[in-house]
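Asker: Counting from 3, one number per residue, gives the positions in the sequence shown under UniProt numbering.
Each residue gets a CB set at the ideal place from its N, CA and C atoms; glycine is no exception.
Supplied in structure tokens, the structure appears directly below.
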Amino acid sequence: MINLTIDGVKVQVPAGTTVLNAARQANINIPTLCYLKEVNAIGACRICMVDTGARALSAACVMPVAEGMVVKTNTPKVREARKMNLELLLSNHDRNCLTCVRNQNCELQRLAEEMGVKEIRFEGKRNEYPIDDFSSPSIVRDANKCILCRRCAAVCHNVQKIGVIGATNRGFGTIIEPAFNKNIGEVPCINCGQCIAACPVGALREKDDTDRVWEAIADPDKHVVVQPAPAVRVALGEEFGMPMGTRVTGKMAAALRRLGFDKVFDTNFGADLTIMEEGTELINRLKNGGKLPMITSCSPGWIKYCEHFFPDFLDNLSSCKSPHQMLGAIIKSYYAKQNNIDPAKIFTVSVMPCTAKKFERQRPEMEVEGHEDVDAVITTRELARMIKEAGIDFVNLPDEQFDEVLGDSTGAAAIFGATGGVMEAALRTVYEVVTGKELEDVDFKDVRGIAGVKEAEVDLDGTKVRVAVAHGTGNAKKLLEKVRAGEADYQFIEVMGCPGGCVTGGGQPIVSARVKMDVDPKKVRAAAIYDEDEAMTIRKSHENPSIKKLYEEFLGEPNSHLAHQLLHTHYAA
Ligand code: HC1
Ligand code: SF4
3 MINLTIDGVK
13 VQVPAGTTVL
23 NAARQANINI
33 PTLCYLKEVN
43 AIGACRICMV
53 DTGARALSAA
63 CVMPVAEGMV
73 VKTNTPKVRE
83 ARKMNLELLL
93 SNHDRNCLTC
103 VRNQNCELQR
113 LAEEMGVKEI
123 RFEGKRNEYP
133 IDDFSSPSIV
143 RDANKCILCR
153 RCAAVCHNVQ
163 KIGVIGATNR
173 GFGTIIEPAF
183 NKNIGEVPCI
193 NCGQCIAACP
203 VGALREKDDT
213 DRVWEAIADP
223 DKHVVVQPAP
233 AVRVALGEEF
243 GMPMGTRVTG
253 KMAAALRRLG
263 FDKVFDTNFG
273 ADLTIMEEGT
283 ELINRLKNGG
293 KLPMITSCSP
303 GWIKYCEHFF
313 PDFLDNLSSC
323 KSPHQMLGAI
333 IKSYYAKQNN
343 IDPAKIFTVS
353 VMPCTAKKFE
363 RQRPEMEVEG
373 HEDVDAVITT
383 RELARMIKEA
393 GIDFVNLPDE
403 QFDEVLGDST
413 GAAAIFGATG
423 GVMEAALRTV
433 YEVVTGKELE
443 DVDFKDVRGI
453 AGVKEAEVDL
463 DGTKVRVAVA
473 HGTGNAKKLL
483 EKVRAGEADY
493 QFIEVMGCPG
503 GCVTGGGQPI
513 VSARVKMDVD
523 PKKVRAAAIY
533 DEDEAMTIRK
543 SHENPSIKKL
553 YEEFLGEPNS
563 HLAHQLLHTH
573 YAA
């Protein structure tokens, strides 16, 4: 252990700890900007300067502690250096804060306030860049707001192992962008939005689709149906000041109704339906010598990653569309027919924790008979903006239910939102269908948690099925390379494109680097997801009475001809 003193407080920490983390332990808050726990520690922004007695000040995020070190974090020299560095950043920053999507949730704005910046002493030449708001269906890049912290590049490169954005040019001309001056839509970006979640300012944001949704709601000729994803209900409350991990399922249903949607259904119904289709597909592949391992296909960031980087695994992907696409197709067929509504007049909106879903919905595979399954995708953040704009007092809303049949779901569907959830939900059903026995303990704990790759073996009456779960494409890469090399043998794999799964998708409320130093949203929001599961009376998809009704009245049986037409697709190289 190393002993040091920070602002007169004695601290003992393991060797290798940075001054920043040591200070944190002593409840001393050193401001940071480019630092992002477990993602980026490069000492680039020089905001976390401290005095260690050396000739020059040091960046606390990269400075390791030393025995007997005396650190001062709050001297006039330190405060002036930090302020000057911040003012230099601000001098080349588009400061249209009032109209910025990150207004009041911007780390730069907060630092300026906390450091008492009253004027910017270094006003000079400012770079002006065109905004790329056209090339990608998911991501908007505004380099005029970029502060060159490189958090986005680090997450894309080091965590997701994609690396399509990085620093180009030098000095005053440095810019974070795709290589060769390309637009973001012209490189193999998978639309995961993890760069947006890492950005401290408004340089990266989602493509906003709220205007199209408002327009549809206001159109008397349109029947507008909404469905929120499993992970939205454990994060939306954060946008209204509620603690991380608060479950707001009932308030969310109430808010959606008050926004004017004609029907409030639930993607969780689509998740139960996915389990019926995907579970049956797995059983068939196991029985009939189909392509194994079968890999889940609900995460569109993962699908695009597979297409670009592992095209030899495309036949391993389940043919199932993702839950919200399935539900969109059911709304425009079964629901339209039952209620005598022309599907051309139905407008379906998915509220997703995901920016890649904006890309997925417009893929040519995602339509039936000329009708797109889903007409608009908005993120959790966009929904929060709509609720605020409508003047709805979210926190004090009463709890309401989803609309019947296509809003009915089980605990198995709820857990789709956390890494391992799709696998666990599938196993609950596949086990009972294959063995004909009741599952005594529905909790498959081996596939839960935030380990990068998780494995388990399930005994289906003598047939051993080996399964694996990976979240974040960096972990998926590791796993698939092993499978490709013949070093691992699985029959079923779940991959989610974002680290943590959908709970920490690129469309979720943004958590600041400062909060992430102490709290891991992956864990907190996942815990809420498992509470949601436990609170449900029915916890297995095949026991959902509304799913049974859909098969009886319409689809026939899982993987039927009609089910294939509406709910399945094929990804070709
Ligand atoms: Fe997900 Fe899914 S779980 S992909 O993570 O399969 O986005 O929440 O909606 O479609 O159900 C996301 C979440 C979501 C789909 C489901
Ligand atoms: Fe990289 Fe994902 Fe951002 Fe695309 S959306 S630039 S893949 S982090």
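For H570, count neighbouring Cβ atoms within 10 angstroms of its own Cβ and tell me buried if that reaches 16, exposed if not.
Answerer: buried
Asker: Quick check: the segment 483-497 against the segment 366-384, are there 3 or more CB pairs under 8 Å?
Answerer: no
Asker: By Cβ distance, which residues of its chain are closer than 7 Å to V521, with the 5 residues on each side in sequence left out?
Answerer: M246
Asker: Would you mind sorting L564 into buried or exposed? The rule is 16 or more other CB atoms within 10 Å of its CB.
Answerer: exposed
Asker: So what does DSSP say about G558, is it helix, strand or coil?
Answerer: Correct three-state label for G558: coil.
Asker: Mapping the DSSP letters down to three states, classify N286 as helix, strand or coil.
Answerer: helix
Asker: Between the Cα of N23 and the Cα atoms of E188, A574, K518 and N561, which residue gives the shortest distance?
Answerer: K518
Asker: Less than 8 Å separating the beta-carbons of V424 and T282?
Answerer: no
Asker: Using only alpha-carbon positions, find the residue among D443, V52 and A43 that is nearest to N31.
Answerer: V52
Asker: Taking the Cβ atom as the reference point for each residue, do V455 and V469 lie within a distance shorter than 8 Å?
Answerer: no
Asker: Is Q567 buried or exposed, if buried means 16 or more other CB atoms sit within 10 Å of its CB?
Answerer: Result: exposed.
Asker: Quick check: is any heavy atom of the ligand HC1 less than 7 Å from the C-beta of A231?
Answerer: yes
Asker: Taking the straight line between their C-alpha atoms, what separation do you get for D144 and G252?
Answerer: Rounded to whole angstroms, the separation of the alpha carbons of G252 and D144 is 36 Å.
Asker: Given a cut-off of 8 Å, decide if L284 and A428 are closer than it, judged by their beta-carbon atoms.
Answerer: yes
Asker: Any idea if E555 is buried or exposed, counting beta-carbon neighbours within 10 angstroms, 16 or more meaning buried?
Answerer: exposed
Asker: Identify the residues that DSSP records as bridge partners of K466: which are they?
Answerer: D461
Asker: Can you tell me whether R207 is helix, strand or coil according to DSSP?
Answerer: strand
Asker: Would T357 pass as a contact of I141 if the rule is Cβ separation under 8 Å?
Answerer: It is a contact, given that the beta carbons lie within the stated cut-off.
Asker: Considering only C-alpha positions, which residue in the set I452, E309, L462 and G409 is nearest to E434?
Answerer: L462
Asker: Over what stretch of residues does the alpha helix (DSSP H) that includes H326 continue unbroken?
Answerer: P325 to I332
Asker: Give me the Cα-Cα distance between T465 and K439, rounded to the nearest whole angstrom.
Answerer: 14 Å
Asker: Are at least three pairs of beta-carbons, each pair with one atom in the segment 253-267 and one in the segment 524-538, less than 8 Å apart?
Answerer: no
Asker: Do you know offhand how far R516's Cα is from N107's?
Answerer: Their backbone Cα atoms lie some 12 Å apart in a straight line.
Asker: Quick one: any contact between the segment 542-549 and the segment 401-420, if contact means 3 or more CB pairs under 8 Å?
Answerer: yes
Asker: Suppose the cutoff is 7 Å on Cβ atoms and the five residues either side in sequence are ignored; what does the same chain contact list for F315 look like?
Answerer: Correct list, in chain order: I297, C308 and L482.
Asker: Could you tell me whether any non-hydrogen atom of the ligand HC1 is closer than 7 Å to the CB of K359?
Answerer: yes
Asker: For C300, which of helix, strand or coil comes out of DSSP?
Answerer: Coil.
Asker: Exposed or buried, which one is L559 when buried takes at least 16 other CB atoms within 10 Å?
Answerer: A small correction: the amino acid at residue 559 is Glu; Leu does not occupy that position in the sequence shown. When all chains shown are included, E559 counts as exposed.
Asker: Confirm, please, whether the CB-CB distance from D401 to K265 is below 8 Å.
Answerer: Not closer than 8 Å, so no.
Asker: Using a threshold of 7 Å, is the CB atom of H326 nearer than that to any non-hydrogen atom of the ligand HC1?
Answerer: At least one heavy atom of the ligand HC1 is nearer than 7 Å to the Cβ of H326, so yes.
Asker: Just to confirm, are Q196 and P355 a CB contact at a threshold of 8 Å?
Answerer: no
Asker: Quick check: the Cα distance between I343 and I219, rounded to an integer number of angstroms?
Answerer: 16 Å
Asker: Should M71 go down as buried or exposed, given a rule of 16 or more other Cβ atoms within 10 Å for buried?
Answerer: buried
Asker: Hey, V41 and V161 are a contact pair by Cβ (cut 8 Å); roughly how many whole angstroms apart?
Answerer: 6 Å
Asker: Taking the C-alpha atoms as reference points, what is the distance between V513 and M388?
Answerer: The alpha-carbon atoms of V513 and M388 are separated by roughly 20 Å.
Asker: Between which two residues does the alpha helix (DSSP H) holding K524 run?
Answerer: P523 to E536
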